[in-house]
Amino acid sequence: MVLINRKDLIDLFHENGYKVTPQRLAIFECIMGRRDHPSASEIHSELKREYPTISQATIYNTLHILRDIGAIQELGFEDGKTRFDPDTSIHVNLVCTACGKITDFTDEDLVKAWIGMVEKTAKKTVGQRLDLYYKCTHCSRMVSE
Ligand SMILES: [Zn+2]
Ligand SMILES: [Zn+2]
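Just so you know, we're using the numbering used here here: the sequence shown kicks off at 166 and counts up by one.
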């Protein structure tokens, strides 16, 4: 797992001409502290407790800045829901199609094979994403009952 730290983030903000504000940092800290690939509205409801005036628009803008500077990954899905992933390294997102839960999976051999494939095919990579769709243990139990 590769997570960017606060100091690197502040450098990235400055390098890209963005202002560092307490709200932006709070949004960053919030997403970095989660492994469940939250949506913008989940981040919003978590932060509203501490920052009652924070708007959904601020959350969206900041998440998009974080994505643009490469600090997080944006994961769009067919159902229109967009989730955000703080881990920018090569890993598989295990996506439950029933409850929407997303967990990360990584494997050294898989990463090696993937990098080898990328080197052979792509001159310049601008992004990558590995998803596996399945039913999580909880949801597959519900089906069989
Ligand atoms: Zn992930
Ligand atoms: Zn599930």
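All C-beta atoms in this analysis are idealised placements derived from N, C-alpha and C, irrespective of residue type, glycine included.
H202 and V257 have their C-alpha atoms some 12 Å from each other. In the assembly as shown, L297 is an exposed residue. Its beta-carbon has fewer than 16 other beta-carbons within 10 Å.
In the pairwise beta carbon analysis, the region 244-261 is classified as not touching the region 212-224: fewer than three pairs are separated by under 8 Å. Within the region 211-251, the runs of beta strand (DSSP E) at least 3 residues long that lie entirely inside it are, in chain order, 238-241 and 247-250. When the five nearest sequence neighbours on each side are left out, the beta carbons in the same chain lying within less than 7 Å of the beta carbon of F270 are those of H256, V257 and L259, in order along the chain.
Annotation: the region 255-281 contains no complete segment of the alpha helix (DSSP H) (minimum length 4 residues).
DSSP places D296 within a strand segment (E or B) once states are collapsed to three. Counting only residues whose CB is nearer than 7 Å to a non-hydrogen atom of ligand 2, the list in chain order is C261, A263, C264, K266, K300, C301, H303 and C304. Taking all protein chains in view, the Cβ of R189 is crowded by 16 or more other Cβ atoms within 10 Å, so the residue is classified as buried.
I208 and C195 do touch by the CB rule: their CB atoms are close to 5 Å apart, below 8 Å.
Between S210 and K246, the C-beta spacing is not below 8 Å.
For A191, the number of other beta carbons within 10 angstroms of its own is at least 16, and it is reported as buried.
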